[in-house]
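Okay, structure first, notes after.
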Amino acid sequence: MAEADERVVAVVNDSVGSSKLGGFKTRWPERLINVGIAEQNMVGVGAGLANGGRIPFVSCASCFLTGRALEQVKADVAYSNTNVKLCGQSPGIGYGELGPTHHSIEDLAWLRPLANLITIVPSDPWETAEAMRFAAAHEGPVFIRVSRYPVPALDHRIDRIAPGKAEVMREGDDVALLANGVMLHRAIAAADRLAAEGVAARVVNMAWMNPLDSEAIIEAAATGAVVTVEEASVRGGLGGAVAETLALNRPVPMEMLGFPGFAPTGTVDFLFEHFNLTADGIANAARKAIRRKS
1 MAEADERVVA
11 VVNDSVGSSK
21 LGGFKTRWPE
31 RLINVGIAEQ
41 NMVGVGAGLA
51 NGGRIPFVSC
61 ASCFLTGRAL
71 EQVKADVAYS
81 NTNVKLCGQS
91 PGIGYGELGP
101 THHSIEDLAW
111 LRPLANLITI
121 VPSDPWETAE
131 AMRFAAAHEG
141 PVFIRVSRYP
151 VPALDHRIDR
161 IAPGKAEVMR
171 EGDDVALLAN
181 GVMLHRAIAA
191 ADRLAAEGVA
201 ARVVNMAWMN
211 PLDSEAIIEA
221 AATGAVVTVE
231 EASVRGGLGG
241 AVAETLALNR
251 PVPMEMLGFP
261 GFAPTGTVDF
271 LFEHFNLTAD
281 GIANAARKAI
291 RRKS
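Under full-length UniProt numbering, the first residue of the sequence shown is numbered 1, with each subsequent residue one higher.
Following this line, the structure appears as structure tokens:
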């Protein structure tokens with residue numbers, strides 16, 4: 001994108017390495033602004049660059065981008081409707097052993113009320129690249145939540161992502177598994193386990209947190225049972241968004257998998273196991289939701 005459009009610039013907070021911008025820095029050193037560990041300033045600089053006609057990608061650990069700089073994200077980017085692209089790196093419990101100060105499980109709940117901030121939680125390398133291209137072409141603020149957890153490419157049924165449009169990865173009539181980010185892979189694995197028992201699970205990729213595909217959520221509720229899965233807090237994240245939609249339109253038994261509160265310190269794999277964010281944990285939640293609908 002930087003090759004094709006000289007307006008594309010990057011802004012970081014000493015996060016060149018974690019943002020994988022080493023090659024960018026080598027090729028376009030004058031187009032990478034490193035403000036140091038000053039996240040509020042970083043977002044303000046991004047807004048200033050956007051007002052000057054640039055397309056800034058502001059990259060930072062999501063815990064600091066959305067926590068420390070939340071006022072600037074709200075006022076300088078969302079309220080001012082500036083053309084800034086925020087990249088929240090290593091969200092959820094991606095920094096595992098560094099503990100709750102570095103976990104970013106609250107970011108989606110903090111950002112959802114910012115109505116004009118398009119928010120995307122991509123699931124794999126292809127969808128991440130699509131989200132980046134969309135952000136560059138879109139005139140207005142965008143937040144992309146980029147997981148630290150390595151995952152392979154998924155078998156998508158679409159050629160291009162569409163704003164606010166969920167993607168049905170698996171058809172099924174017995175229960176619906178709604179997931180985003182790296183949890184989508186585990187939801188698909190859970191659907192495989194359930195299929196072996198004769199349970200047909202619909203799997204829906206809810207990458208777009210804003211705008212939210214309410215129609216896809218209501219259609220998923222036609223199965224009679226819904227499970228949400230996210231690497232985020234269940235308080236106000238995907239689970240909250242889905243619960244709000246169903247409560248107003250089509251209430252059905254629902255289970256929410258994510259983080260109920262501060263997560264303990266531990267490896268990422270340990271934390272996923274601890275909070276049942278595994279294929280087996282998701283399958284168990286689906287069985288529970290199905291029992292509740294009968």
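Backbone N, C-alpha and C define an ideal beta-carbon position, used for all residues, glycine too.
Treat the numbers as computed from the prediction; the structure is a model and nothing was measured.
- Task: Kindly list the residues whose CB is nearer than 8 angstroms to the CB of GLY22, restricted to its own chain and excluding five residues on each side of it in sequence; keep chain order.
- Result: VAL16
- Item | Proximal residues to ALA189 (C-beta, below 6 angstroms), its chain only, five neighbours per side dropped | ALA279
- Quick one: using the 10 Å Cβ neighbour count with 16 as the cut-off for buried, is ASN249 buried or exposed? exposed
- Message: Could you check whether ARG54 and VAL9 sit closer than 8 angstroms to each other, using their CB atoms as the reference points?
- Response: yes
- Task: Check each candidate in PRO91, VAL234, GLY48 and name the one with the smallest Cα separation from SER18.
- Result: PRO91
- DSSP beta-bridge partners of GLY88: CYS60, ARG145
- Task: Please name the residue, chosen from ILE93, ASN180, GLU139, that lies closest to PRO260 on a Cα-to-Cα basis.
- Result: ILE93
- Task: May I ask you to verify whether the region 164 to 179 touches the region 107 to 115, counting CB pairs closer than 8 angstroms and requiring at least 3?
- Result: no
- Query: In the DSSP assignment, what are the bridge partners of LEU257?
  - Reply: VAL229
- Euclidean distance between Cα positions of ALA61 and GLU39: 10 angstroms
- Task: Output the boundary residues of the alpha helix (DSSP H) element that contains TRP208.
- Result: Premise fails: TRP208 lies in the beta strand (DSSP E), 208 to 210, not in any alpha helix (DSSP H).
- Check whether ILE282 and ALA225 have beta carbons under 8 angstroms apart: no
- Message: Need the endpoints of the alpha helix (DSSP H) that MET1 sits in, please.
- Response: Neither: MET1 is in no alpha helix (DSSP H) and is coded neither H nor E.
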